[in-house]
Every structure is written in C-alpha cells, then in structure tokens.
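Asks: The opening position of the sequence shown corresponds to residue 1348 in the numbering used here, with each subsequent residue numbered one higher. The beta-carbon is built from N, C-alpha and C at its ideal position, and this holds for glycine as well. Keep in mind the model is a prediction, meaning the values are calculated, not measured. Structure incoming, see below.
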Amino acid sequence: MKINEQSHIVVLSNAGGTGKSTTLEALRQALSRVGTVDIVDLDPQKTLTHTYKLTKKKRPLDPSEVKEGDFVIYDTPPFFFEYEKSLLKNCDIILIPFKVGRKDLVAFRPLFDLLQETKTLTKACVFINEARKPHTNLFKYLRKLFLEIYDGVFLCENELSRLDSFADILYSDMTEKALGQFLNILKEISEKKNVPQTIKKSFIEASKICYDKNRNK
Ligand SMILES: Nc1ncnc2c1ncn2[C@@H]1O[C@H](COP(=O)(O)OP(=O)(O)OP(=O)(O)O)[C@@H](O)[C@H]1O
Ligand SMILES: [Mg+2]
C-alpha cells in the first residue's frame, strides 16, 4: 500500500504505567507491515530508547531528525511536557491507554482538560488496557461512568486484557491473542469519525495483513 501523507500518532496518558510504551511498540509492529515507521521518544525515562538498544530495534529519532516517511509515533512521559500542546495540535491522532478503576477515573481529569483546551478531543482515542474481569458489573459501571464524566471522549468498546504476551512485546513479537485484541482496537478506531483517511486505510490494511499472516502460520 502506498501512503502519500505522513501520519503523526501520539501515545499519551498523564498517568504512569498505563501501557504507553508497550502500545507504541505494538503499533510499530503493526504499522511496519504497511509502511515506514519512525519513533520519537519524548519520555525523559527513555524506556523505548533503552529497550530498543537492548533488542537492537530501530533507533528513536529526535523530532528534528524526522524526515519523510509514512508514520511517526511519539512516546510521551506520564506528565505534562514542553511542546505537548503544539504536538497535540499538530498530530493526526492521539492514542490513550487507560486503566479503569475509581482512582483512574479521577486521574483522567487533567488530561481531559488539556484535550479540551487544545481543542484536540476529537483526535483522542481511549482504550482500556489491562482490563480485568471486563464482564463484571463493576467494570461495566466504571466504563459507563467514564463516558458520563468525560462527555465527548471516544472510548473503544474493545479492550486489551492483562496478557503476559502483550507485556513482553518490547522484547519479542506479539502472540496471536495479544495481536488479535490490539488489531480489534485499531479496526474500531479506523471506523471512528474524524480519523484521517490515510490512518483509517493503514489501520485496516495493517489488521488485514496481520490476520492473514497469522492465519497462514
Ligand atoms: N495489556 C497488558 N498486559 C500485561 N501487562 C501490561 C499490559 N500493558 C502494559 N503492561 C505492562 O505494564 C507495565 C507498564 O507498561 P509501559 O511501560 O508500557 O507503561 P507506560 O505508560 O509507558 O509507563 P510510563 O508512564 O512509566 O512511561 C510494563 O511492565 C508492561 O509490560
Ligand atoms: Mg513509557
């Protein structure tokens, strides 16, 4: 597939350990099947830079080094950072892993306010990561409460379970189960209003290629 425009995807969350860096790597693995992917590591903890060095994956670039290419994905720290507002305004889509719990519901407020302030709420795609017991009434209640409190936020119906194989993807490829769940999220996002056409196409294409590849294994 030829992608003509460069797409900028930010993985964001103001809370620590929600799965930003892991999500970025999952996205890198999925999108690498449809185009070139550059990574920008804006987190001073440099999780990705260090693990990519260990695993000999692609070197993350400084923003000034990013030239032409299909996708640029940004890993971010769990706190507000310089250039954050301009990055949000200029990117195409914001992917937000979210852990669901009463405390997490309150902790989302500053991020919601930032999305509103920067008028980027429509770019935001939130998905629940490390979902435990998603069929329980409490989980469903918290999901409903999230949508009531944060009116206008896109929250994926699909979620990612707590999976060792997803946790390990910085070091190895995803297993079929983790990949399947992650691709369902990408597919759902591709159907969302306001997602740029190039991203829609590439998310669908990445899902298709990954499914086919796994089926033929
Ligand atoms: N779906 C999942 N199932 C199991 N473990 C997960 C899942 N997602 C993330 N983890 C684990 O949770 C921990 C935190 O993940 P990660 O480092 O990606 O979060 P982060 O948001 O980037 O953290 P930080 O805010 O420190 O940058 C890691 O040990 C990771 O392997
Ligand atoms: Mg991180």
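Please check the pair L1533 and A1553, which I expect to be a contact at CB under 8 Å, by giving their CB distance rounded to whole angstroms.
Replies: 6 Å
Asks: Starting from the C-beta of C1472, find all residues in its chain whose C-beta is less than 6 Å away, skip the five residues before and the five after it, and write them out in chain order.
Replies: L1442, F1501 and I1536
Asks: Using 8 Å for Cβ pairs, my map puts T1522 next to K1446. What's the rounded Cβ distance?
Replies: That belief does not hold up - the Cβ atoms of T1522 and K1446 are roughly 21 Å apart, past 8 Å.
Asks: Just verifying my parser: in three-state terms, what is the DSSP assignment at P1444?
Replies: Looking at P1444 - three-state DSSP - the assignment turns out to be strand.
Asks: Under 5 Å from any heavy atom of ligand 2, by CB: list those residues in chain order, please.
Replies: Counting only residues whose CB is nearer than 5 Å to a non-hydrogen atom of ligand 2, the list in chain order is K1367, S1368 and T1394.
Asks: So A1373 is in the alpha helix (DSSP H); what residue range does that whole segment cover?
Replies: K1367 to L1378
Asks: Go to H1397, then tell me how far its alpha helix (DSSP H) extends in each direction, as first and last residue.
Replies: T1394 to T1402
Asks: List the endpoints of the continuous alpha helix (DSSP H) containing D1409.
Replies: For D1409, no alpha helix (DSSP H) run applies, since DSSP gives it neither H nor E.
Asks: According to the neighbour-count rule (16 or more other Cβ atoms, all chains shown, within 10 Å of its Cβ), is Y1375 buried or exposed?
Replies: For clarity, residue 1375 is Arg in the given sequence; the question names Tyr instead. That one is buried.
Asks: Hey, L1368 and T1394 are a contact pair by Cβ (cut 8 Å); roughly how many whole angstroms apart?
Replies: For the sequence presented, residue 1368 should be read as Ser rather than Leu. Rounded, the Cβ-Cβ distance is 5 Å, consistent with contact.
Asks: Flag I1386 as yes if its beta-carbon sits less than 7 Å from any beta-carbon of chain C, otherwise no.
Replies: As a matter of chain content, chain C is missing from the structure shown, which is built from one protein chain.
Asks: Would you kindly work out how many angstroms separate the C-alpha atoms of L1494 and D1390, rounded to a whole number?
Replies: 28 Å
Asks: Helix or strand or just coil, what does DSSP make of I1350?
Replies: Summary for I1350: the model assigns pLDDT 46, below 50, so the residue's position carries little reliability; its value from the coordinates is reported in the next sentence. Residue state, collapsed to three classes: coil.
Asks: State yes or no: is the C-beta of L1489 nearer than 6 Å to some heavy atom of ligand 3?
Replies: For ligand 3, the structure offers nothing, since it holds only ligand 1 and ligand 2.
Asks: Buried or exposed: where does L1371 fall if 16 or more other Cβ atoms within 10 Å of its Cβ makes it buried?
Replies: Buried, because 16 or more other Cβ atoms sit within 10 Å of the Cβ of L1371.
Asks: Using C-beta distances below 6 Å, list every residue in its chain close to I1551, excluding the 5 sequence neighbours before and after it, in chain order.
Replies: S1537
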